[in-house]
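Down below is the structure, laid out as structure tokens.
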Amino acid sequence: MKRPRASASSAFTRRVIAAVRRIPPGRVTTYGDIARLAGKPRAARAVGNIMRGGGAPGLPYHRVIAAAGRLGGYGGNEMLRAAPLRAGGRVVGGGGARQFSAVRWPSRTR
DNA sequence: GAAATGACAGAGT
DNA sequence: GACTCTGCCATTT
Numbered sequence: 007m008k009r010p011r012a013s014a015s016s017a018f019t020r021r022v023i024a025a026v027r028r029i030p031p032g033r034v035t036t037y038g039d040i041a042r043l044a045g046k047p048r049a050a051r052a053v054g055n056i057m058r059g060g061g062a063p064g065l066p067y068h069r070v071i072a073a074a075g076r077l078g079g080y081g082g083n084e085m086l087r088a089a090p091l092r093a094g095g096r097v098v099g100g101g102g103a104r105q106f107s108a109v110r111w112p113s114r115t116r
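First residue of the first sequence? That's 7 in this note's numbering, and the numbers climb one at a time after it.
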């Protein structure tokens, strides 16, 4: 099994973790926003890489979703249940991106 | 040091 | 409105 997990050995990784931690309860954010908070608005991919590693256990990574309002490709089914995504009713499973807009962390100040 | 991988984003068709 | 392709970045091997 080859599972290259990233570790928080860099400041950037730490920054991403801090950004996720900044997410208020009942709200979700996108990789792009996290990347931007980390200082690299184009590093959404890198953000996903860091999460994959799980360098910060306990961190609400499940609150971070794709900009499209979808979950991305991590296949978090049980996770969503535990996630506070029900802030607006339900983000995934039925209505999706629309409600997502309601719980989206208003951090994107483009 | 270089190549491969990956939980995305945005623009174009 | 939906699908496809490319670009950007960081980490790991």
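Beta carbons are placed, not taken as given, at the ideal position from N, Cα and C, and that holds for glycine.
Note on geometry: alpha-carbon atoms of residue 108 and residue 34 lie some 9 Å from one another.
By the Cβ criterion, the region 22 to 29 is in contact with the region 37 to 46, since at least three pairs of Cβ atoms, one from each stretch, lie closer than 8 Å.
Rounded to the nearest whole angstrom, the CA to CA distance from residue 70 to residue 37 is 6 Å. An exposed status is given to residue 51, since fewer than 16 other beta-carbon atoms sit within 10 Å of its beta-carbon.
DSSP lists 71 as the bridge partner or partners of residue 36. Residue 110 sits in a strand when the DSSP states are folded into three classes. Counted as a single uninterrupted DSSP element, the alpha helix (DSSP H) harbouring residue 20 occupies residues 17 to 27. About 14 Å separates the CB atoms of residue 49 and residue 23; that is not less than 8 Å, and the two are not in contact. DSSP places residue 45 in the coil class of the three-state scheme, outside both helix and strand.
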